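Quick notes on the structure that follows.
Protein chains: 2
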Amino acid sequence: MITYMDKCQVTFWPIGKVVEVIKGTNLMEAARKAGVFLDAPCGGKGHCGKCRVMIKSGQHKHEYTPLLSEEEIQHGYRLACLTWIQQDMTVELTEVDVVNDIMVENITSDSSRKFVNRTVDILKSSGIKVGTNFKIVPVKLPKPTIDDNIPDLERVQRELKTILGCENINWPIEILRKLPVVLRNFDYEITLGLLKTESGYNIINVTGGKRASIYGLCVDVGTTTVAACLVDIDTGEIKSSASSGNLQMQYGGDIINRIIYSTRENGLEKLNQAIIEGTINQLVREMIKKLAITEDDIILSVFAGNTTMAHLLLGVIPENIRLEPYIPAFNNAPVLKAGDIALNINKNAPVFLLPNVASYVGGDIVAGVLASGLWNSDETALFIDLGTNGEIVLGNRDWMLTCACSAGPAFEGGEISCGMRAATGAIHEVRIDRQNLRPIVKVIGTSKPKGICGSGIIDLIAEMFLKGIIDMKGKINQNIKSDRIRYNHHLGCFEYVVAFGNETIDGLDITLNEIDIDNFLRAKGAVYSGMRTLLNNIGMSVADIDKVIIAGGIGQNLDITNSITIGLLPDIPQEKFEFIGNSSLTGAYACLISDEAREKAKEIADSMTYIELSADPTYMEEFISACFLPHTDTNLFPSLKKAMNL
Amino acid sequence: MITYMDKCQVTFWPIGKVVEVIKGTNLMEAARKAGVFLDAPCGGKGHCGKCRVMIKSGQHKHEYTPLLSEEEIQHGYRLACLTWIQQDMTVELTEVDVVNDIMVENITSDSSRKFVNRTVDILKSSGIKVGTNFKIVPVKLPKPTIDDNIPDLERVQRELKTILGCENINWPIEILRKLPVVLRNFDYEITLGLLKTESGYNIINVTGGKRASIYGLCVDVGTTTVAACLVDIDTGEIKSSASSGNLQMQYGGDIINRIIYSTRENGLEKLNQAIIEGTINQLVREMIKKLAITEDDIILSVFAGNTTMAHLLLGVIPENIRLEPYIPAFNNAPVLKAGDIALNINKNAPVFLLPNVASYVGGDIVAGVLASGLWNSDETALFIDLGTNGEIVLGNRDWMLTCACSAGPAFEGGEISCGMRAATGAIHEVRIDRQNLRPIVKVIGTSKPKGICGSGIIDLIAEMFLKGIIDMKGKINQNIKSDRIRYNHHLGCFEYVVAFGNETIDGLDITLNEIDIDNFLRAKGAVYSGMRTLLNNIGMSVADIDKVIIAGGIGQNLDITNSITIGLLPDIPQEKFEFIGNSSLTGAYACLISDEAREKAKEIADSMTYIELSADPTYMEEFISACFLPHTDTNLFPSLKKAMNL
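The listed protein sequences derive, respectively, from chains A and B.
Quick note: the first sequence uses our numbering, first residue 20, plus one each step.
Quick note: the second sequence uses our numbering, first residue 20, plus one each step.
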């Protein structure tokens, strides 16, 4: 019996992708099938409203959601995850809807050199030698004759024994398969890429001719954004870098949603494919295309990510990370080969993951601490990573405490109605005019905004607080008369309009409502109280902090004063703050160019003491106090207290 | 634009397989697609006539071939490789047409014990220790708590450090992926299969609970037939064995045709898939089904095959083996993992190939020499493997010479019009009545024959010679009046009818014609002259041979007297001959149960001196003399000379 199924064609504009699906298919699913990856921090449950699209034509069913106003629905706006296809459809996306827009940077030698020099300086000043065990060995062989008719492999082996003084050489199958062809195509003159091991050498690559380049790949696997560099292993020079959204975002915005998704049928597989094939391999493809090299030329890789990302990268179930007693499958991943995880570089390239410290403090933090030099400093520093979660390290060369704050994705725009990551169209700076309460904004990449990213939200809340629009609890002053302040009947709360529809990319108002503010206060409260708990544990106060190191994507745009104003950062002098950018990537880069740095990273992870906040008796009280603007204890913010006369 | 293509359905009887193909598809191709693998020693070029089928219905185009008589064509017989489908068709196969009929043997403990004991005796008497570096380690772990919350991997590692006193443990990705699940499903009680290495341990397998079995796979990869055993690594007991045709046969009957096919587009890939997925994985599946174990339980594998088979097994191009100066890609294959070659056992199981000696003397011969004990004997022995090619080793504990005879596939029924391998339906023994010149035959497995296998052809030619049907040149005596002797107009030569159509499986006459005899004389001449050349090289004569060891599938059925009569084997006393059966498999088995045997195999391969016959000045003359019955120099066959009064 043949079941007849209606097929519908869905066209996505303006990118022009078309897909055929069975009638009744969910629009989010159809988009995925078309290779259009819509943002879905909530995992497609209709909670976050990030997968909003505009239907131009075509019948469909849709479920009611308070996240869309009646007006928006009339204009054709829908949440893709709550829409089911009934007919051929045309769907319009704004150009910034799609997660996976890869940005490949043309590294100018200047900016590259600066990055390289800084990292090399940090390594050297800490006594860590730069250099790896990779070796490029050109080999010229005598051609075989009937009297010297030993096989290809034994012929190379004979030569290598003379060159290396070592017989224990490990030949992977791929090299053996290539060898007969390369030898004959290049007149018995080849170049081998070798990795020295404890007991001998592993051959990683073979190329014809006298010269070969060997590249390394370092990747910061962020929950939201993934950044990668290709590095010349010989010189340490960064040859190309690229970043994009983490394609796993379609399955959930934060690690908890990802872990939940991983336990669904084929969930782990999908998440693993989304990060490896969907994200990292795409970045690699773009970069090797630009450099005109082959994937086989990339012979080493280093990854830094949080513990959950590390599990998903290797295809290991992260389920037990969120179940008491919170047990990861591993902290120190075994050294694997790229082929083990279907990574699109040389199959035999070693894969090194920065080690995790605990379930919620991962290799990205270890990389950051390595890159910051904190572990080797006399000064007591506070290291804060404001990524999708917030992780904190407090310490110096003698001791290090660390904890994870359940800040959620707010600093990357998650769980905020008009929030977005720091990409094209994001408002990243805000000032509010004291007179007319109008905002003055700066937008990334375009003149018109689409949403607000983390640094913009911090500015906005600080300004709203300083200009009296909101109180210490984050509630909007209802007595203010302004077209910017209005009641949202859908949500049943007040909101502030940052941009009206006629000023925005997709014609929709950009607002910050009281629920958003509440979410954000809990996020910043989690970070501040985490820091306080670490200080309490070692019997220190905010004044004892010599330096605050701010890492994470949010860093560069972060306004310190505003961050202190909202009670995210401790109220200490400005000059004690330092931004170190994507220190997870920097740490991964360090481990790529230095074998000793990899060893050091393991030592660092081992020497960090993890404080489980939920098990700390003082934490909950600290957290509740920190969910105010700036804090219930205004004595902790003396400069603000003075300025605002609190 | 849509191109409309007619589709035709082809049904294969009596197995009932159906396949849909595009009109114009070759019938051989269609059969392959249906999973019906027809014998095709010539590689589907229409030269060998082995892919004969009967068309029951359906229009088709076919090319003329002298291999089918007009009568046969009228009866619907076609060569599949010369037939193109025009319509829906029904094709009838005899039950023995198909290459890939797997035979799984239920190993009785008696026969198994005999095989095991013999091999163990040989190893022990040569001072080779039985035993491997595999270790089964049961581990019971303390369950994680909030105070003892180290990750799964580190928890096992901590325990292993105590048990093994070693920290250097290599975790493959598959084990890491399984670990969290197995630990929790089996209440933190697991059993690990470990391989001790120079620097530590490799984990190969993890199972839940207290016990685990570890199996090893040994395979004789013959050009024509593949035989495999599953062995309990702990006890050395053979648990199951299986054999089938080598599915590569569809791409060519001998190694030269396979090598040629490997250079075609996707040829190497197809040959590799035919042996791995098409043949060996099928055998493994059948055996593990019978034993009710999983593929992960098979944690070691050993393969013995000729040099070309070794290349095709690893997917390495064998092209240069047949091009002067005859260079293999490797003799000593690196130790690989099963996952490298898509072998359907534990992905991390080491794969060990018996080393090759040269382009035409492979690991199967090294395995045979190992198993025979020749390398450790005071007696000078002649080792002859009569497989698809003929390889010879002459020597003792002090020296070994070896050569390859280009005998072709004649001993396995190839290049003989009614020849077939020693499978169901093969005539394997023949006597001819001196009075009426009628043959008395024995058939394998059934009462009716389909063709003649190697041992049958030897008997037949010897009997024809002894009974005066053929002369020393192999020409049929045209003066004999008998319905068994007739002229073949197609081929333009005389032939002897072994069985008339009414006595055979497919109703066709089984005959041996002068061209067949000529082919066979060249094959036996190649072996005899090869042996003579080795003797000449060391200044010895036939009389100096203390023992003749006959290996290969043909062995068990071989009649020594008849083999001497036709001049295949040297004319020395019967008691000096010994059959050792499939010594390639025995040698592989030895290497499975003994690490030291693997080392010894390498030593044996290194110590064998390869004589390139084509470069030997005396060889061609020897060969020509040996292409007669029994030889131009009848003094070499004194017993025969006396008996026949030559």
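Beta carbons: idealized from backbone N, C-alpha and C, even for Gly.
Here the structure is a predicted model, which is why all the values come from computation and not from measurement.
Across the region 634-653 of chain A, CB contacts with chain B closer than 8 angstroms involve A634, in sequence order along the chain. Per DSSP, reduced to three states, the secondary structure at G586 (chain B) is coil, with no helix or strand assignment. Beyond the five residues adjoining it in sequence on each side, W103 (chain A) comes within less than 8 angstroms, by CB distance, of G43, T44, N45, L46, H79, K80, H81 in the same chain, given in chain order. Of the candidates B:L183, B:K180, B:G228, B:V40, the residue whose Cα lies closest to the Cα of R203 (chain B) is B:G228. If you look at P199 (chain A), you'll find it in the alpha helix (DSSP H) that goes 192-204. P374 (chain B) does not reach chain A, its nearest Cβ partner there being about 10 angstroms away, counting only Cβ pairs nearer than 7 angstroms. In the DSSP assignment, the residues bridged to D251 (chain B) are B:Y234. At a C-beta separation below 7 angstroms, L198 (chain B) has these neighbours in chain A: A348. Three or more beta-carbon pairs drawn from the region 350-358 of chain B and the region 169-181 of chain A are found closer than 8 angstroms, and the two stretches are therefore classed as touching.
Taking a C-beta distance under 8 angstroms as the contact criterion, M550 (chain A) and M419 (chain A) do not qualify as a contact pair. Here DSSP, grouped into helix, strand and coil, assigns F513 (chain B) to strand.
One finds P163, T164, I165, N168 in chain B with Cβ atoms closer than 8 angstroms to the Cβ of P344 (chain A), taken in chain order. Cβ atoms of E641 (chain A) and T584 (chain A) stay farther apart than 8 angstroms, at about 19 angstroms. Considering only beta carbons, the part of the region 170-189 of chain B lying closer than 7 angstroms to chain A consists of P170, D171, L172, E173, N189, in chain order.
V335 (chain B) has a beta carbon lying within less than 8 angstroms of a beta carbon in chain A.
Among the bridge pairs identified by DSSP, W103 (chain A) is matched with A:N45, A:K80.
Counting C-beta atoms within 10 angstroms of its own C-beta, K661 (chain A) has fewer than 16 neighbours from the protein chains shown and is therefore classed as exposed. Taking 8 angstroms as the cut-off, the Cβ atoms of G334 (chain B) and A545 (chain B) do not count as close.
For the pair V250 (chain A) and Y629 (chain A), the CB atoms are not nearer than the 8 angstroms cut-off. DSSP places H330 (chain A) inside the alpha helix (DSSP H), whose first and last residues are 326-333. A direct Cα-to-Cα measurement between L183 (chain A) and F596 (chain B) gives close to 49 angstroms. With a contact defined as Cβ atoms closer than 8 angstroms, E91 (chain A) and L527 (chain A) qualify at about 7 angstroms. According to DSSP, residue pairing for E448 (chain B) in a beta bridge involves B:K461. Sequence-distant Cβ neighbours of W32 (chain A) in its own chain, meaning closer than 8 angstroms and more than five residues away, are K75, T109, V110, E111, L112. When DSSP states are grouped into helix, strand and coil, G382 (chain B) belongs to the helix group.
Here H650 (chain B) is buried: its Cβ has 16 or more other Cβ atoms, across all protein chains shown, within 10 Å. Relative to P199 (chain B), the option among A:I534, A:Y345, A:K64 whose CA is nearest is A:Y345. Residues of chain B with a Cβ closer than 7 angstroms to the Cβ of S425 (chain A) do not exist; the shortest Cβ-Cβ separation is about 17 angstroms.
By the Cβ-count criterion, N664 (chain A) is exposed, with fewer than 16 other Cβ atoms from all chains shown falling within 10 Å of its own Cβ. Using a CB distance cut-off of 8 angstroms, D315 (chain B) does not count as an interface residue toward chain A.
The straight-line gap separating the alpha-carbon atoms of P468 (chain A) and I192 (chain A) is approximately 52 angstroms. Of all residues in the region 209-230 of chain A, only E217, S218 come within less than 7 angstroms of chain B when Cβ atoms are compared, listed by chain position. Among the residues facing chain B, N365 (chain A) is not included, as its CB has no counterpart in that chain under 8 angstroms away. Under the Cβ distance rule, L290 (chain A) does not count among the residues neighbouring chain B, no pair being separated by less than 8 angstroms. By the C-beta density criterion, D452 (chain B) is exposed, having fewer than 16 other C-beta atoms within 10 angstroms. Going by beta carbons, I463 (chain A) and A445 (chain A) fall inside the 8 angstroms limit.
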